[in-house]
Amino acid sequence: FPTENEGDAYVCSAVHKGDGGGIRNNPDNKIWRNKYGKEIRLSKDKIAITSNKGDYIEISDNEGVKIVSSGSINIKAKDRLEISSEEASISIAAGKRIFILQEDTQIVLKDGISVSGEGVNIS
Numbered sequence: 001f002p003t004e005n006e007g008d009a010y011v012c013s014a015v016h017k018g019d020g021g022g023i024r025n026n027p028d029n030k031i032w033r034n035k036y037g038k039e040i041r042l043s044k045d046k047i048a049i050t051s052n053k054g055d056y057i058e059i060s061d062n063e064g065v066k067i068v069s070s071g072s073i074n075i076k077a078k079d080r081l082e083i084s085s086e087e088a089s090i091s092i093a094a095g096k097r098i099f100i101l102q103e104d105t106q107i108v109l110k111d112g113i114s115v116s117g118e119g120v121n122i123s
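All the letters of the sequence shown, read from the start, carry residue numbers 1 to 123 under my numbering.
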């Protein structure tokens, strides 16, 4: 109880008994949820951070990392950003356009391939 106001109280652990348990019937699973439906769920084999609109980040022992968004996903690094696959492949897909830019050089994939820059080498 952080204050004397019961509206500020929160529960760190609870297990429902009987049929009304739903998602809180296993004490090994920890779920923190606010009144807006946002939650952090910790279970034996995964961690999930979810919104109430279908967006989530899931880290699974079996399936790796999954990020799902109904809107945009932005990744930004001041220094190096690396995307790699050691044993498989990397797939990039877009419904409208794929745009790759490095200073004044660019590759655009939209209804064909457009490459522009000071020097374009094709081998």
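Virtual Cβ for every residue (Gly too), placed ideally from N, Cα, C.
Asked, Found
"Nearest neighbour of A93, chosen from A77, K110, Q102 and K78 [CA to CA]", "K110"
"Proximity below 8 angstroms, CB of G54 to CB of S70", "yes"
"Helix, strand or coil at E6 according to DSSP, with G and I counted as helix", "helix"
"Secondary structure of A48, DSSP reduced to three states", "strand"
"Nearest candidate by alpha-carbon position, reference Y56, set G112, Q106 and I40", "I40"
"Candidates S91, V115 and K35, of which the one nearest Q102 by Cα", "V115"
"Three-state secondary structure (DSSP) of K66", "strand"
"For T50 and Y36, the rounded distance between their alpha carbons", "11 angstroms"
"As assigned by DSSP and simplified to three states, the class of V115", "strand"
"Residues near N62 in its chain [Cβ-Cβ closer than 7 angstroms; skip 5 each side]", "D45"
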